[in-house]
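Trainee: Following full-length UniProt numbering, the numbering of the sequence shown begins with 1 at its first residue and continues without gaps. The beta carbon of each residue, even a glycine, is placed where N, CA and C say it ideally should be. Computed from a predicted model, the values in this text were never measured in an experiment. Have a look at this one before I ask anything.
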Amino acid sequence: MGSPGDVPRWKPSASSTRKENDHDPETESLASEEEAHVISDKMEPNFPFSTGLGSLNAGLNKGYQSSPNNLPPHTEAIKTPPLDSQIGRSLDVELNHSKQPLIQDDSVMSLDNYLGEVGYRGNGIFLTWRDLSVTVPGSKGGRRSILEGVNGYVEPGEVLAVMGPSGCGKSTLLDALAGRLGSKTKQTGEILINGRKQTLAFGTSAYVTQDDTLMTTLTVQEAVYYSAQLQLPDSMSRAQKKQRAEATIREMGLQDAINTRIGGWSSKGLSGGQKRRVSICIEILTRPKLLFLDEPTSGLDSAASYHVMNRIIKLAQQDRRTVIASIHQPSSEVFELFHNLCLLSSGRLVYFGSTSATNEFFSLNGFPCPTMRNPSDHYLRTINKDFDNDVEQGLGQSMTTVQVIDVLVKSYKSSEYLQHVSKTMYEICQQKGETLEKGGSQAGFITQSLVLTKRSFVNMYRDLGYYWLRLAIYIALCLCVGTIFYNIGSSFGSIQARGSMLMFVASFLTFVAIGGFPSFVEDMKIFTRERLNGHYGVGAFVVGNTLSSIPYLFLISVLPGAMAYYLVGLQKTLDHFLCFALVLFACMLLVESLMMIVASVVPDFLMGIITGAGIQGVLMLNGGFFRLPNDLPEPFWRYPMYYISFHKYAYQGFYKNEFEGLIFPNNEVRQPATITGEEILRNTWQVGMGYSKWVDLAILLGMVVLYRFMFLGIVKFIEKVKPILRSADAAPSKQSAA
Ligand SMILES: Nc1ncnc2c1ncn2[C@@H]1O[C@H](COP(=O)(O)OP(=O)(O)OP(=O)(O)O)[C@@H](O)[C@H]1O
Ligand SMILES: [Mg+2]
């Protein structure tokens, strides 16, 4: 890190977060605004970076600031190896520039003692990981290593930066720490929260993932405000929640884009960097105790990166939150903001320690950061082996990047940096802090259900592909049906035509619901992200998703349904049409529910559409039209499949509704001159006549409820089973490792 004197560069006004009494006018103005509105006793006064532990922070800051003049003893020790003048100069520059101890040793110990007296270490989340390794299935049945024996820790009030070349395992490390690794990955090693083996339950941590999963149809304000309504407790009024949402939006510098739609692949909205900030906004609304940020600054310019990270670091310091952020290429100003650095290369730990001591570590190993170069750029260039360049060593030799990484990894393993890390980890583990509480206070089930219903309704309204396109297609299809079967009449031939027309409406019209599958998958992605971060429960999501779709499905059943019904000239009375529309509506609800079940199990566009189409194809096939019920092979197709298929009840409801009460001329030889609708139902369509069409409708509606409960059950089951499978997977690999 070059000194400010050597390297002329832009210096933001609030350059260091570690200054005592660091006043930020923007934050302060927000704080006073918030104070005026938030009276809840749970709320710290100045949102979003309240100073509940202000005096402690002052102490903490004091501790950091006093340190440069009190270098810990082992810092002196590592200065001793003979180095050339360039390294020495670089080291001096680093030491002069440093605002915190190179390695937080004695000074921090005494600070800890001070803090210990006031119970400082007792609250917040301390996260430690030891010998953490992650493997994924490799080629030829082997396993590929993604992380290899990584150690580290992060303490409340601190922000750890995870850096390394692309593909080095940063996201994997964050996923492992947050307990979110995929089912095929295997993890060994020990991750402790407050010195205990605990799992991060839903809502105990917030994770801003590398990809932004946002509802594209909402504006920034809506997205953040709905999220505030979902996450913040019912004890806060709506105005307070709105206030909180707006303050957070301003904090992330999004005030100019507040009414811009987020946008997605079909419609351009926010820029990539703005979307990133919306994702961060949503996760910091509740001030989570533990925050994972996967590349929070990607897509941001250096000034925006600085301000965003500065806010996050204040959040960590002032509220004693624990933050781990992976980061690509931070500017030197942003780099300085972090407390500790975890530098990875190809899954191996190159360095873990204070950010300000990193240059010293590189210098001592012969790779000092040249003046005028951003230190983080230098570290990444030194350890990026993807392009296999030779690295010029400070001592005049040239080495391949692979050799350089080996040198650094070995050097780190035998250094005092590692000893210090181990010592700190040991102390944290001895402390045995509080056990994690689930969640925190949130909005109640009813509020969440209402907010989710409203949000989903707005999304469906604005997303043309969700229902509006389907409405247009249904109108077109029903016009086709209406004109092909126009004025069907009551001849003998119309019996077969009626049956075919009703079968088409019940099966193929509802089959088109598959077109909405991509929208269901998007909904599921957003749900999964929000659920993992504990924003709301599964029940509230199912209620919201069901209720919001009802008006649209009703519209697309009644409007195109009426066009087909009256053009064809089916039974004229209103109650006949009502029954027709309701059976169609129930079928729409059923197919929708079925597709949501598929989306929860197969969350992939293509595979989901194929699976959904396959299931519907089978159900349709044995619904009793293509093969008459009495002809269905008994062991499987008749019992139970015929009774499971919702098409059976749809066909029978439609048939009874249409044929009962009608009389047709009979063209068959040696038969009476006329044939009644009841006879057609019994003999031609082989319909069960023991119950009325309304019972068929009731069974269909019952199936809708059943399908929705199945959806709820499957989502809950997946949630419960995934961690069990992962720990069962990890157990044998642990044994084999031992
Ligand atoms: N489930 C998986 N199956 C196979 N390979 C995986 C899996 N997860 C991660 N990897 C591999 O592990 C390596 C590390 O991936 P990871 O996403 O952690 O990298 P990263 O450091 O976050 O990269 P970036 O900076 O580009 O986001 C990559 O080579 C990736 O291909
Ligand atoms: Mg990544």
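1) Between the Cα of residue 341 and those of 231, 366 and 163, spot the shortest distance and give me the residue it belongs to.
2) Buried or exposed: residue 724, going by 16 or more other Cβ atoms within 10 Å of its Cβ?
3) If you reduce the DSSP assignment to three classes, tell me which class residue 139 lands in.
4) For residue 497, which of 326, 481, 507 and 293 has the nearest alpha-carbon?
5) For residue 297 versus residue 262, is the C-beta spacing smaller than 9 Å?
6) Can you check which of these residues, 654, 476 and 300, is closest to residue 739 by C-alpha distance?
7) Tell me the DSSP bridge mates of residue 341?
8) Of the choices 488, 245 and 175, whose alpha-carbon is the least far from that of residue 664?
9) Could you check if residue 633 is buried or exposed, using at least 16 other CB atoms within 10 Å of its CB as the buried criterion?
10) For the pair the segment 462-478 and the segment 548-559, tell me if three or more CB-CB distances fall below 8 Å.
11) When you get a sec, list the residues whose CB is within less than 7 Å of any heavy atom of ligand 2, chain order please.
12) What does a CB cutoff of less than 8 Å around residue 627 pick up in its chain, not counting 5 residues either side in sequence?
13) Determine whether the beta carbon atoms of residue 740 and residue 536 lie at a separation below 9 Å.
14) Could you tell me which residues DSSP puts in a beta bridge with residue 293?
15) For residue 632, which residues does DSSP report across the bridge?
16) Under a Cβ-count criterion, where at least 16 other Cβ atoms within 10 Å of its own Cβ denotes burial, should residue 314 be classed as buried or exposed?
17) Ignoring anything shorter than 4 residues, give me the alpha helix (DSSP H) runs that lie fully in the segment 421-469, in order along the chain.
18) Give every residue of the same chain whose Cβ lies closer than 6 Å to the Cβ of residue 529, excluding the five residues on either side of it in the sequence, and list them in chain order.
19) What are the boundary residues of the alpha helix (DSSP H) that residue 197 is part of?
20) Check the DSSP bridge columns for residue 187 and list the partner residues they point to.
21) Could you give the distance in angstroms between the alpha-carbon of residue 140 and the alpha-carbon of residue 179?
22) Does residue 686 get closer than 9 Å to chain C when you measure Cβ to Cβ?
23) Give the straight-line distance between the Cα atoms of residue 249 and residue 278, rounded to the nearest whole angstrom.
24) Taking only heavy atoms of ligand 1 into account, decide whether any of them is closer than 8 Å to the Cβ of residue 136.
25) Could you tell me whether any non-hydrogen atom of ligand 1 is closer than 8 Å to the CB of residue 185?
26) Measure the C-alpha to C-alpha separation of residue 127 and residue 158 and round it to an integer number of angstroms.
27) For ligand 1, is there a heavy atom less than 8 Å away from the beta-carbon of residue 405?
28) Run through DSSP, which three-state label would residue 529 get?
29) Kindly indicate which residue of 283, 695, 169 and 584 has the alpha-carbon position closest to the one of residue 145.
30) Taking the alpha carbon of residue 433 as the reference point, which residue from 192, 299 and 687 has its own alpha carbon closest?
31) What do you get for residue 113, buried or exposed, if any count of 16 or more other CB atoms within 10 angstroms of its CB means buried?
32) Kindly give me the distance between the Cβ atoms of residue 260 and residue 219, rounded to whole angstroms, as I take these residues to be in contact under 8 Å.
33) Quick one: grab the DSSP three-state call for residue 719.
34) Would a C-beta distance cut-off of 9 Å place residue 334 and residue 305 closer than the cut-off?
35) Which first and last residues belong to the beta strand (DSSP E) in which residue 659 is found?
36) Thinking residue 677 and residue 660 are a contact (beta carbons under 8 Å), I'd like their distance in whole angstroms, please.
Mentor: Walking through what the data contain:
1) 163
2) exposed
3) helix
4) 481
5) no
6) Limits of the chain in this structure are 1 at one end and 738 at the other, which puts residue 739 out of reach.
7) 161 and 353
8) 488
9) exposed
10) yes
11) 170, 171, 210, 294, 295 and 326
12) 621 and 637
13) Not covered by the structure: residue 740. The range shown for the chain is 1 to 738.
14) 208 and 325
15) BP columns for residue 632 are empty, so no partner.
16) buried
17) 445-462
18) 213
19) Here residue 197 belongs to no alpha helix (DSSP H), and DSSP marks it neither H nor E.
20) 134
21) 27 Å
22) Absent from the structure: chain C. Only one protein chain is present.
23) 8 Å
24) yes
25) yes
26) 11 Å
27) no
28) helix
29) 169
30) 192
31) With a pLDDT of 36 at residue 113, under the threshold of 50, the predicted position of this residue should be treated as unreliable, and no value is reported.
32) 6 Å
33) helix
34) yes
35) It is not in any beta strand (DSSP E) - residue 659 instead sits in the alpha helix (DSSP H) that spans 646-659.
36) 5 Å
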